[in-house]
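Data first, discussion second: the structure below is written as C-alpha cells.
Below you can see the structure in the form of C-alpha cells.
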C-alpha cells in the first residue's frame, strides 16, 4: 500500500492564482481531512469528509474548497491564492470517524504564495 | 474553548538522557489524547494514545498517562536516541460535534538529541 499520497510536494503561486492540491489514499478509508501547519500554531483543520459525497468545514475553511467524488481522492482547491495561505498542507485519512480511529498523514505539500 | 498547550522547544538532550515533554489540555467532556511525531521532511505518525483517565499509552519506549485531575498527558522516555530527533505534537479529539476524530493539536515541540 502507498498509504496517503499528496502532490505536488512543493508549489509556488502568485497572489490570485488558483490550484488544486491532490490527496489520495489506497486503504479504503472513509474519513479524510486537510490540515494546514503554520509555525507556532500547530496543525489546524481546514475541511473533512466522512465519506464520498459528504464534506464539512473545519476550523479554518475560508479560501478553500473541497469535494469527495470517490472514496480514494480528496482534493483541496484554492480558488484565488493569498499570501496568508502560505503554509504546509497535510492530508490525513482514517478507517472511520470515531473518537480514537488512527489517522494516517501524507508527506505534505509546501505552498508559497507570493 | 478546547485547546492543547505544549512546552516550548527546542528541547536539546544528549543521547541516553531522560525526556519529558509537557502537555496540558482544556476540553469540555472527555477527550481522547494522542501524541504524534513528525520526522524531518515527513508527515505525522501516531506515536501513542489514551482514551480514558489513568490510561497509559506506550510505544517505542515512549509513555504518556492520561491524568484527568491535572488535565495532562506528558510524554516521557527513559533513554533517548539520536533517531528520536523530531517534532512531537500533543493532540486531542472530542466525543461530540459530528465526526469525532477531528484532531486539535498543540503547537509542537522540537526535540534534538545529540550524540
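Residue numbers (this note's numbering), protein chains in the order written: chain W, 1 to 114; chain P, 115 to 229. Just so it is clear, CB atoms sit at the ideal spot from N, CA and C, and this is done for glycine as well. Being a predicted model, the structure only gives us computed values, none of them experimental.
Contact between residue 14 of chain W and residue 110 of chain W fails: their C-beta atoms lie close to 16 Å from each other, not under 8 Å.
Taking a cut-off of 8 Å for Cβ pairs, the segment 60-72 of chain W and the segment 141-161 of chain P do not touch, as fewer than three such pairs fall below it.
Within the DSSP bridge table, the entry for residue 191 of chain P names P:133 and P:176 as partners. Under the three-state reduction of DSSP, residue 196 of chain P is assigned to helix.
Note that the C-beta distance between residue 151 of chain P and residue 210 of chain P is not below 7 Å. Within the DSSP secondary-structure output, residue 65 of chain W pairs in a beta bridge with W:77.
An exposed status is given to residue 12 of chain W, since fewer than 16 other beta-carbon atoms sit within 10 Å of its beta-carbon. Ranking W:27, W:44 and W:91 by CA distance to the CA of residue 219 of chain P puts W:44 first. If you draw a straight line from the Cα of residue 132 of chain P to the Cα of residue 121 of chain P, it comes to about 16 Å.
Residues of the same chain with a CB within less than 7 Å of the CB of residue 195 of chain P, apart from the 5 flanking positions on each side, are 129 and 227 in chain order. Runs of the beta strand (DSSP E) spanning 3 or more residues and lying entirely within the segment 15-70 of chain W occur at 19-25, 31-38, 42-51, 54-57 and 64-66, in chain order.
Under the three-state reduction of DSSP output, residue 85 of chain W falls in the helix class.
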